[in-house]
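Peer 1: Numbering (our numbering), first residue to last: 2 to 93.
Yeah, the Cβ is synthetic: ideal placement off N, Cα and C, and Gly gets one too.
Remember, it's a predicted structure, so these values are computed and weren't measured experimentally.
Mind having a look at this structure? Questions to follow.
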């Protein structure tokens, strides 16, 4: 498994944390900046049907539209993404 460098990620306390310092949860909205994005091998050279995936994050695979990378990102469990890719390769 790849170790993800989170040193550049900005963390903030979750709104679910209390003011006494207990039950603190820190969250980050920019975790996906650390992702190493790769275009799908099914993309064509004309720029059509572009999909990018970043399979190096622990336990999940973010997927986005390479033509609009700032828009929403879909997150899949790594096992679900692997099953999907295997099914596509098998022609299902």
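Please state whether the Cβ-Cβ distance between residue 55 and residue 62 is less than 8 Å.
Peer 2: As a position in the chain shown, residue 55 is number 54, starting the count at 1. As a position in the chain shown, residue 62 is number 61, starting the count at 1. Taking 8 Å as the Cβ cut-off, residue 55 and residue 62 qualify as a contacting pair.
Peer 1: Report buried or exposed for residue 72, applying the criterion of at least 16 other Cβ atoms within 10 angstroms of its Cβ.
Peer 2: Within the chain shown, numbered from 1, the residue matching residue 72 stands at position 71. It counts as exposed.
Peer 1: Pick helix, strand or coil for residue 90, following the three-state DSSP scheme.
Peer 2: Here the question's residue 90 lines up with position 89 in the chain shown. Residue 90: helix per DSSP, three-state reduction.
Peer 1: Please say whether residue 78 and residue 60 have beta carbons closer to each other than 8 Å?
Peer 2: Here the question's residue 60 lines up with position 59 in the chain shown. Here the question's residue 78 lines up with position 77 in the chain shown. Yes, Cβ-Cβ distance for residue 60 and residue 78 is below 8 Å.
Peer 1: When you compare only the Cα positions, how much space is there between residue 83 and residue 9?
Peer 2: Sequence index remark: in the chain shown, residue 83 carries index 82 (1-based). Sequence index remark: in the chain shown, residue 9 carries index 8 (1-based). Near 28 Å, if we compare the C-alpha coordinates of residue 9 and residue 83.
Peer 1: So who's on the other strand from residue 61, going by DSSP bridges?
Peer 2: In the chain shown, the residue the question calls residue 61 occupies position 60. Paired residues: 78.
Peer 1: Should residue 65 go down as buried or exposed, given a rule of 16 or more other Cβ atoms within 10 Å for buried?
Peer 2: Translated into the one-based positions of the chain shown, residue 65 becomes position 64. The residue is buried, with at least 16 neighbouring Cβ atoms inside 10 Å.
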